[in-house]
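Structure record follows, encoded as structure tokens.
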């Protein structure tokens, strides 16, 4: 699914071997998932729950309520959470850029291989043309020089 989406967005990547492309995408996605899980665990640690004190409100789903000091602490830690999230997103962007750079280097390698192949093919074609021209010249010389000699020799 991810491969099709990436290939749809970047059609020049279709030339790359699919296993390398898939492995690089998977490793980048694993890094992104790992970083987001770390942020979720730290975010959960920042919000502490306290047991109900006296006659505080209870909800149907839980008999736990937030202590006011925890709410204030959570608000104070909100900036830290935002900073960690920004760092996480920055890391995700860096991982994506690393994947793009790796894919760009793969494309450069493919282009170099294609250019070298084209140059080799052109050299082979030139050599074949030279050989054909030499053979034609030898045949023409043989026909022009040897055939009249044989004609006069036989008659």
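Residue numbers (the numbering used here): 12 to 166. Backbone N, C-alpha and C define an ideal beta-carbon position, used for all residues, glycine too.
| Query | Result |
| --- | --- |
| Compute the Euclidean distance between the alpha carbons of residue 112 and residue 143, then round it to the nearest angstrom. | 46 angstroms |
| Between the alpha carbons of residue 153 and residue 147, how many angstroms are there, rounded? | 10 angstroms |
| For residue 163 and residue 145, what's the separation of their Cα atoms in angstroms? | 27 angstroms |
| How many angstroms separate the CA atom of residue 103 from the CA atom of residue 42? | 8 angstroms |
| Would you grab the beta carbon distance between residue 110 and residue 35 for me? Rounded to a whole angstrom, and I think it's under 8 angstroms. | 6 angstroms |
| In chain order, what residues of the same chain have a beta carbon less than 7 angstroms from the beta carbon of residue 6, not counting five sequence neighbours either side? | Lying before the first or after the last residue shown, residue 6 is absent from the chain, which here runs from 12 to 166. |
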